[in-house]
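In our numbering, the protein residues as written are 349 to 562. Each residue gets a CB set at the ideal place from its N, CA and C atoms; glycine is no exception. Note that the coordinates shown come from a computational prediction; the quantities given were computed from them, not determined experimentally. One structure is given here, and the rest of the page talks about it.
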């Protein structure tokens, strides 16, 4: 049975020098962070939500949660189950066991709305994360100051890391037929939060979209 670990969003930072937005998913148990490169639109939407900006109308995450409830179901959790050619594979899991494929950024937002956990397969978390003790050690500072300082320190560390360090290191993570996939270079930009489709696959592994969704 696949083992999962809980992760949580620690916000978005800008990765120099290309100014790529990166979502930080913290794995507190191991003091590690999974960086998820986002498209500009996904980053802006998630950042606005996490900053507490109010919306005049329900956003997509609210609609997803309300639709599930209207159909007599609830969202139990969201899972990050693997990679497919450098792109994270994630799904919402309903209380009846049904699964809905989503991007990681959407999974984070839905989990916040539904107040349910976001988990990652342990092998994915181990392969796609980096040590990030500064994010978990406030050093005695006030909580807000410690959080800001730790993110800044981690941002400096991340400057020496390229998206390809996570997207192009080869190998296989997860079961391609059950939400897993391969690690490789997507070849169409730094985002590893893009949609994956099964249009041309007969073995369940799927193929990534031709262009990143921004």
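Per-residue DSSP class, three states only, for residue i
| i | result |
| --- | --- |
| residue 386 | coil |
| residue 324 | The shown model of the chain, from 349 to 562, leaves out residue 324, and the question about it has no answer. |
| residue 525 | Low local confidence applies: a pLDDT of 42 at residue 525 is under 50, so the model's placement there is unreliable, with the coordinate-based value given in what follows. In this structure, residue 525 counts as helix in the three-state DSSP scheme. |
| residue 443 | coil |
| residue 418 | helix |
| residue 534 | Bear in mind that the predicted position of residue 534 carries a pLDDT of just 35, short of 50, making it unreliable; the figure below should be weighed with that in mind. In this structure, residue 534 counts as coil in the three-state DSSP scheme. |
| residue 476 | coil |
| residue 451 | coil |
| residue 541 | coil |
| residue 393 | helix |
| residue 467 | strand |
| residue 354 | strand |
| residue 427 | strand |
8 angstroms CB neighbourhood of residue i in its chain, flanking five on each side removed
| i | result |
| --- | --- |
| residue 413 | 423, 458, 461, 462 |
| residue 405 | none |
| residue 465 | 354, 425, 426, 459 |
Minimum C-alpha distance to residue i - residue among the options
| i | options | result |
| --- | --- | --- |
| residue 472 | 356, 428, 369 | 428 |
| residue 440 | 456, 431, 386 | 456 |
| residue 372 | 409, 431, 394, 443 | 394 |
| residue 436 | 446, 467, 349, 377 | 467 |
| residue 386 | 368, 379, 438 | 368 |
| residue 480 | 419, 377, 417 | 377 |
| residue 442 | 454, 379, 419 | 419 |
Classification of residue i by the beta-carbon crowding that lies within 10 angstroms, buried from 16 upward
| i | result |
| --- | --- |
| residue 541 | buried |
| residue 408 | exposed |
| residue 477 | buried |
| residue 366 | exposed |
| residue 433 | buried |
| residue 416 | buried |
| residue 391 | buried |
Same chain, Cβ closer than 7 angstroms to residue i, five either side skipped, listed in chain order
| i | result |
| --- | --- |
| residue 374 | 355, 356, 358, 381, 483 |
Own chain residues within Cβ distance below 6 angstroms of residue i, not counting five before or after
| i | result |
| --- | --- |
| residue 450 | 438, 440 |
| residue 351 | 470 |
Q. Counting Cβ pairs, one atom from each stretch, are 3 or more of them under 8 angstroms apart for the segment 360 to 372 and the segment 406 to 425?
A. no
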